[in-house]
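**Q** Starting off with a structure, shown below.
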Amino acid sequence: MLFARFRHHQQESYGLVDEDHVRPIEGDLFGRHRVSDEAIALDSVRLLAPLRPGKILAAAVNYPSHVAGSQRMTGMAEAPSEPALFLKPSSSIIGPGETIILPRGAGRVDYEGELVAVIGRTCRGVASEEALDHVFGYTCGNDVSARQWQRGDLQWWRAKGSDTFSPIGPFIATGLNPADLELRTRLGGREVQAANTSALIHSVAALVSFASQAMTLEPGDLVFTGTPGETGQLSAGDVVEVEVSGIGVLRNVVTAEDA
Numbered sequence: 599m600l601f602a603r604f605r606h607h608q609q610e611s612y613g614l615v616d617e618d619h620v621r622p623i624e625g626d627l628f629g630r631h632r633v634s635d636e637a638i639a640l641d642s643v644r645l646l647a648p649l650r651p652g653k654i655l656a657a658a659v660n661y662p663s664h665v666a667g668s669q670r671m672t673g674m675a676e677a678p679s680e681p682a683l684f685l686k687p688s689s690s691i692i693g694p695g696e697t698i699i700l701p702r703g704a705g706r707v708d709y710e711g712e713l714v715a716v717i718g719r720t721c722r723g724v725a726s727e728e729a730l731d732h733v734f735g736y737t738c739g740n741d742v743s744a745r746q747w748q749r750g751d752l753q754w755w756r757a758k759g760s761d762t763f764s765p766i767g768p769f770i771a772t773g774l775n776p777a778d779l780e781l782r783t784r785l786g787g788r789e790v791q792a793a794n795t796s797a798l799i800h801s802v803a804a805l806v807s808f809a810s811q812a813m814t815l816e817p818g819d820l821v822f823t824g825t826p827g828e829t830g831q832l833s834a835g836d837v838v839e840v841e842v843s844g845i846g847v848l849r850n851v852v853t854a855e856d857a
């Protein structure tokens, strides 16, 4: 199933997407809810970021194809033996169709197309074998990254957490196998990243389990699972798309803060 968060006639709602319509949801998306009989044309609503997370965790260097290119940013010369997670603020979230803003003085800013897991049930200290039982579904994400700040700062708070640096959407998909999804990133219509999530060094289950050993994961929290291959620079005027099979296409335009 596909779930959306949308605005229609100044009202924001969650909804179940049914082909070219969306049916509003009453209640808790992650708990008891009712799907309305009302069907609203999808092209008449504005899609929003599919949720506002409490917290965002993200995995660094989680595809073999990304190891070599990441050395200059992270100093990691080889794949990490356990998940290398960092935090991104919820204020960095934007949705499909919204604008990525390149901050003044940031230098080079790159795209990083990723699969994102959406936590659906509270978990703490969960085993890897049970971790996916606590995942509600999956969405597309772009872990936008300012490389100069990533190399120069002690923490990645602004390199990864500046406003607009966490686009997600367009939908949350349930019932997917996170170990076999096609991930593609396009810049200006040209494919710049392509991988299958079967290549993840640390699986979605492993990431969720590892994170839950240190902190409680709650419904609506997000786990960005890492980006494959080489990344490239974003420039004002660019259009960047992240597509994951079974979910859809996350599309954002890029502008500069000075523009």
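According to our numbering, numbering within the sequence shown proceeds without interruption in unit steps and concludes at 857. Built from N, CA and C at the ideal position, the CB exists for glycine as well. Keep in mind that this is a model prediction, so the values were computed, not measured.
(1) In whole angstroms, what is the alpha-carbon distance linking ARG756 and ALA744?
(2) Can you look up ARG719 in the DSSP assignment and give me helix, strand or coil?
(3) Spatial neighbours of PHE684 within its chain, please: CB distance less than 7 Å, with the 5 preceding and 5 following residues excluded, ordered by chain position.
(4) Could you tell me if VAL707 is buried or exposed, where buried requires 16 or more neighbouring beta carbons within 10 angstroms of its beta carbon?
(5) What beta strand (DSSP E) runs, 3 residues minimum, are completely inside the region 693-742?
(6) Can you tell which of ILE623, VAL821, GLY695, ASP616 has the C-alpha that lies nearest to the C-alpha of VAL847?
(7) Identify which residue in ASP626, PRO817, SER843, LEU627 has its Cα closest to the Cα of GLY739.
(8) Going by Cα to Cα distance, which pick from ILE698, SER801, CYS721 is closest to ASP819?
(9) Under the rule that 16 or more other beta-carbon atoms within 10 Å means buried, what is GLU841, buried or exposed?
(10) Relative to the alpha-carbon of GLN748, which residue among ARG650, GLU839, GLY703 has its alpha-carbon at the smallest distance?
(11) Give the secondary structure of SER611 by DSSP, where H, G and I count as helix, E and B as strand, and everything else as coil.
(12) So GLU839 packs on THR783, CB below 8 Å; how close in whole Å?
(13) Using alpha carbons as the reference points, say which of ALA771, ASN850, HIS607, VAL742 lies closest to GLY786.
(14) State the start and end residues of the unbroken beta strand (DSSP E) segment that holds PHE601.
(15) Could you pull the DSSP bridge partners for LEU645 from this structure?
(16) How is PRO765 classed by DSSP in three states: helix, strand or coil?
(17) Using the Cα positions of PHE628 and THR762, report the straight-line distance between them to the nearest angstrom.
(18) If we call anything under 8 Å between Cβ atoms a contact, is ARG603 one with TYR612?
(19) Looking at the structure shown, is PHE808 part of a helix, part of a strand, or coil, going by DSSP?
(20) Over the uninterrupted alpha helix (DSSP H) stretch that includes GLY750, give me the two end residues.
(21) Taking only three categories from DSSP, how would you classify VAL659?
(22) What do you get for HIS664, buried or exposed, if any count of 16 or more other CB atoms within 10 angstroms of its CB means buried?
(23) The beta strand (DSSP E) that contains ARG853, what's its start and end?
(24) For my contact list, GLY693 and LEU646 are in at a C-beta cut-off of 8 Å; report their separation, rounded to the angstrom.
(25) If you follow the beta strand (DSSP E) that ALA793 is part of, which residue opens it and which one closes it?
(26) State the Cα-Cα distance for the pair SER688 and VAL821, rounded to the nearest angstrom.
**A** Here's the rundown:
(1) 8 Å
(2) coil
(3) Taken in chain order, the residues that qualify are ALA656, ALA658, TRP754, LYS758.
(4) buried
(5) 697-700, 711-717, 733-740
(6) Of the listed residues, the one whose Cα sits closest to VAL847 is GLY695.
(7) Of the listed residues, the one whose Cα sits closest to GLY739 is SER843.
(8) CYS721
(9) Label assigned to GLU841: buried.
(10) Among ARG650, GLU839, GLY703, the Cα nearest to that of GLN748 belongs to GLY703.
(11) SER611 falls in the strand class under three-state DSSP.
(12) Beta-carbon to beta-carbon, GLU839 and THR783 are separated by about 7 Å, close enough to satisfy the 8 Å threshold.
(13) ASN850
(14) 600-606
(15) PHE604
(16) strand
(17) 25 Å
(18) yes
(19) Three-state DSSP puts PHE808 in a helix.
(20) 745-750
(21) coil
(22) Residue burial is scored here from C-beta neighbours: HIS664 has at least 16 other C-beta atoms within 10 angstroms and is therefore classed as buried.
(23) Rather than Arg, the amino acid found at residue 853 in this sequence is Thr. Here the beta strand (DSSP E) through THR853 covers 846-854.
(24) 5 Å
(25) 788-794 is the span of the beta strand (DSSP E), which, as asked, contains ALA793.
(26) CA-to-CA, the gap between SER688 and VAL821 works out to about 12 Å.
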